[in-house]
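Shown next, in structure tokens, is the structure this report addresses.
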Amino acid sequence: MEEIMMRRSSVFSVILLAVMFTGLWAAAAEPEPADMLTFNARSRVESPAGSGKYEAVIKRVQWDPKKTAIVVIDMGKKHWCRGAERRAAEMAPQMNEFIKAARRKGVMIV
């Protein structure tokens, strides 16, 4: 049981550090829209300019999965903060499903 918990803790402590895209894995032809990754990208924009106040902006974007990579970082087996470790454990199953779906679409997982 302890081995499973250690392995689970390690898996659960995985953090999705960055989703980046490059032309390194480009396919010869452009993919069809159905093959694209579609998601809502969020950013913060100063509004009005120079005000020092920022508002969230959501933009629907499409990425070519062959030009996309997900970099996964393992934090290690234990975290000094039990709360952070618990949150990572709660997040890991959804992250695993996300990564499996991305891999099926052709995204490189690093």
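Going by numbering that gives the first Met the number 0, the residue at position 15 of the sequence shown is 14; the numbering climbs one at a time, nothing skipped.
Cβ atoms here follow ideal geometry from the backbone N, Cα and C, with glycine treated the same way.
The structure presented is a predicted model; accordingly, all values stated were derived computationally and were not measured.
query = If you draw a straight line from the C-alpha of residue 58 to the C-alpha of residue 45, how long is it?
reply = 16 Å
key: Bounding residues of the alpha helix (DSSP H) (the contiguous stretch that carries residue 99)   = 81-104
request  = Look up residue 66 in the DSSP assignment and say whether it is helix, strand or coil.
outcome  = helix
ask   = Going along the chain, which residues of its own chain have a beta-carbon closer than 7 Å to the beta-carbon of residue 4, five neighbours each way excluded?
value = Residue placement at residue 4 is poorly supported in this model, since its pLDDT is 47, which falls under 50; the coordinates are not used for a value here.
request  = Taking residue 36 and residue 104 to be in contact with their CB atoms under 8 Å, please state how far apart those CB atoms are, rounded to whole angstroms.
outcome  = 6 Å
query = If you draw a straight line from the alpha carbon of residue 68 to that of residue 51, how long is it in whole angstroms?
reply = 33 Å
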